[in-house]
Structures are given as C-alpha cells and as structure tokens.
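Some notes on the structure that comes next.
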Amino acid sequence: MDTDPTPARDPWRPVRYLWRVPLLVLHVLLGILLCALILSWNRHRVMVDGREPFAHRMIRWWSTMLMRIFGLRSVRVGKPLPDPVLFVANHTSWIDIELLHSQRAACFVAKAEIARWPLVGWMAATGGTIFHRRGSNHSLAAVMQAMVERLRGGRSVAVFPEGGTGHNGVLKVFHARIFQAALDAQVPVQPVALRFARDGKRVVDAGFREGENFMGNLLRMLGEAPLDAEVHFLAPVPAMPDARRRMAELSRERIGVALEDAHA
Numbered sequence: 001m002d003t004d005p006t007p008a009r010d011p012w013r014p015v016r017y018l019w020r021v022p023l024l025v026l027h028v029l030l031g032i033l034l035c036a037l038i039l040s041w042n043r044h045r046v047m048v049d050g051r052e053p054f055a056h057r058m059i060r061w062w063s064t065m066l067m068r069i070f071g072l073r074s075v076r077v078g079k080p081l082p083d084p085v086l087f088v089a090n091h092t093s094w095i096d097i098e099l100l101h102s103q104r105a106a107c108f109v110a111k112a113e114i115a116r117w118p119l120v121g122w123m124a125a126t127g128g129t130i131f132h133r134r135g136s137n138h139s140l141a142a143v144m145q146a147m148v149e150r151l152r153g154g155r156s157v158a159v160f161p162e163g164g165t166g167h168n169g170v171l172k173v174f175h176a177r178i179f180q181a182a183l184d185a186q187v188p189v190q191p192v193a194l195r196f197a198r199d200g201k202r203v204v205d206a207g208f209r210e211g212e213n214f215m216g217n218l219l220r221m222l223g224e225a226p227l228d229a230e231v232h233f234l235a236p237v238p239a240m241p242d243a244r245r246r247m248a249e250l251s252r253e254r255i256g257v258a259l260e261d262a263h264a
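Count the sequence shown with full-length UniProt numbering and you get residues 1 to 264, in order.
What follows is the structure, given as structure tokens:
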C-alpha cells in the first residue's frame with residue numbers, strides 16, 4: 001500500500017488554526033441560515049432532465065467550501081449517474097459525507113446518535129438524513145422502507161455498506177441487505193471510492209484513527225496540511241435480485257481497486 005506518513009512535527013499547524021477556526025465558525029453559521037431558509041422548504045425537490053434543484057446545488061457548494069476550510073481539495077473522477085441512484089461508498093469518518101455531498105446531494109443513512117448531536121443533528125435531519133439505530137432489526141426495516149420511498153420519489157440515497165468506519169485504509173466486508181433497497185426501487189447501484197492523497201500518494205489516516213472520536217478527528221484535520229480528496233464514481237453494479245451478496249462483493253472489489261490505483 002502506497003501511503004504518505006504523517007510528519008512528526010508540523011510547524012505550520014498553529015498558523016492554520018489561526019485562520020481556519022474563524023472561517024469554520026462563520027461557515028457553520030452560514031449553514032444554519034441555509035438550512036433554515038432554503039433546505040427546510042426546498043430539500044424534497046428532485047433532479048429533472050439531469051438538472052439539479054437549487055437546494056442540491058447549495059448543499060454541494062456548502063460542502064465544497066467546508067472541505068476547503070479543512071484544506072481538502074475535492075477532485076471528481078468519473079461521472080455520477082443521474083438521480084435516482086443508490087451510491088455505496090467506503091467509510092473512514094464524518095468527512096466522507098461532506099466529500100460525497102460536494103459532488104452530488106443525496107440522502108445519507110447515518111447512525112441514530114447523530115440525530116441527538118447539538119446543531120449537527122438538526123442540520124443532518126434538515127438535509128434529509130435517514131437515521132438508523134445499529135443492532136435494531138426494527139430500525140433497519142424502517143430505514144430500508146425510507147430508502148425505497150426516497151429512491152422511488154426521485155432522490156438518490158448514499159450508504160456505507162461496511163456498517164462502520166474502517167481504520168488505516170482497511171476496507172471491511174460490505175453488508176448485502178442494504179442493496180435490497182435498490183432492487184425494490186428498481187434503481188441502479190453505483191460504487192463510489194473516497195480516497196485521500198497528497199502529491200499523488202494515498203493518505204490512509206485522514207479518517208478516524210483507532211480510538212479517535214469526532215471532536216479529536218475534527219481538531220486534528222483542521223490543522224493538517226492540504227490534501228486532495230478524491231471521489232471516484234465507478235461503473236454501476238448489475239442488478240442481481242437473487243444475488244445481493246455478489247452485488248456487495250462486486251461493489252467492494254471495484255472500490256478496493258480504485259483506492260489502490262488513482263487511475264482506476
């Protein structure tokens with residue numbers, strides 16, 4: 001695996017905090033305003049003839065600017081399918097949601113704990129997030145139903161089939177049941193590889209490190225040197241009504257290749 005080791009000491013880190021922290025506060029305040037004035041009444045609009053509704057463009061703009069504050073330059077590789085589509089991506093941290101949102105506004109499936117986070121939970125709910133209580137079969141059934149309804153209504157849905165974050169570049173097994181929503185709604189499945197790089201070399205610890213929490217990761221990334229944040233939209237996975245496991249494996253295989261090969 002081609003990685004870029006984190007420097008032992010970065011003398012520019014304090015300087016980056018000086019200008020990034022105020023910008024982050026202002027950007028979050030702007031996000032609250034956008035949620036209150038735009039997303040609250042325009043979030044259910046759908047793509048027509050390949051044209052994104054205004055609210056979706058605002059989500060992409062806000063996410064792109066948030067990543068720039070963290071020193072992340074969003075780079076798209078490949079082309080996303082038009083709505084509706086089920087996007088399945090690898091998962092390393094909270095950054096993944098904003099990274100994918102910078103390229104395509106979608107309804108994400110996220111853990112229910114986020115809904116209780118101050119401010120963040122409200123913004124996520126306003127943006128159309130579907131919350132899931134891990135370990136609850138009843139919650140999973142409700143999530144699957146909500147996914148199908150969003151997809152049939154013309155919205156795209158994005159999920160992390162690993163069921164949790166991976167560490168040190170490890171790609172975990174994809175859960176197959178989540179692919180049933182695309183089969184029921186009769187929409188395509190498009191794998192998406194989220195990859196971080198510096199000078200062309202993959203960086204595997206931009207996401208959560210083992211034992212690191214949300215606030216710890218946020219503060220660490222806020223002081224990091226610039227990175228390229230790549231979004232690889234890969235070839236769609238064929239629908240296999242009798243082989244969800246194969247759909248999951250094929251999605252994982254394609255994402256794994258793209259993570260290791262920047263030209264995939």
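The beta-carbon is built from N, C-alpha and C at its ideal position, and this holds for glycine as well.
Spatial distance of residue i from residue j (CA atoms)
i, j, result
"M67", "R13", "17 Å"
"L227", "A158", "23 Å"
"R202", "L194", "11 Å"
"R57", "F214", "27 Å"
"V28", "R177", "35 Å"
"S156", "G78", "17 Å"
"H91", "G164", "7 Å"
"F70", "L34", "20 Å"
"L250", "A235", "10 Å"
"R244", "D184", "12 Å"
"F54", "L30", "16 Å"
"G154", "M147", "11 Å"
"A239", "E224", "41 Å"
"E113", "M123", "14 Å"
"V257", "I32", "38 Å"
"G121", "F131", "10 Å"
Close-in-space but distant-in-sequence residues of the same chain around residue i (CB under 6 Å, 5 per side omitted)
i, result
"F108", "I97, T129 and A158"
Coarse secondary structure for residue i, derived from DSSP in three states
i, result
"A258", "helix"
"E230", "strand"
"R9", "coil"
"V21", "helix"
"P191", "strand"
"F174", "coil"
"L243", "Leu is not the amino acid found at residue 243; the sequence shown has Ala there. In the structure shown, A243 sits in coil (DSSP, three-state: anything other than H, G, I, E or B)."
"R209", "coil"
"S93", "coil"
Nearest residue (CA-CA) to residue i, options the options
i, options, result
"E210", "G166, P236, M240 and R246", "G166"
"V192", "R152, V237 and V170", "V237"
"K172", "V21, A89 and L23", "A89"
"T126", "E253, A36 and A225", "A36"
"V25", "R252, L222, N168 and D199", "L222"
Classification of residue i by the beta-carbon crowding that lies within 10 angstroms, buried from 16 upward
i, result
"V85", "buried"
"V15", "exposed"
"F160", "buried"
"D10", "exposed"
"Q186", "exposed"
"Q103", "buried"
"A141", "exposed"
"M151", "Residue identity differs from the one stated: residue 151 is Leu in this sequence, not Met. Buried, by the Cβ-count rule."
Cut-off 7 Å between Cβ atoms - residues of its own chain near residue i, not counting five sequence neighbours on either side
i, result
"A229", "M67, L72, R73, S74, V75, L99 and F196"
"G207", "T92, S93, I95 and T165"
Cutoff 8 Å; reference residue i; Cβ partners in own chain excluding five residues on either side
i, result
"W94", "F214, N217 and L218"
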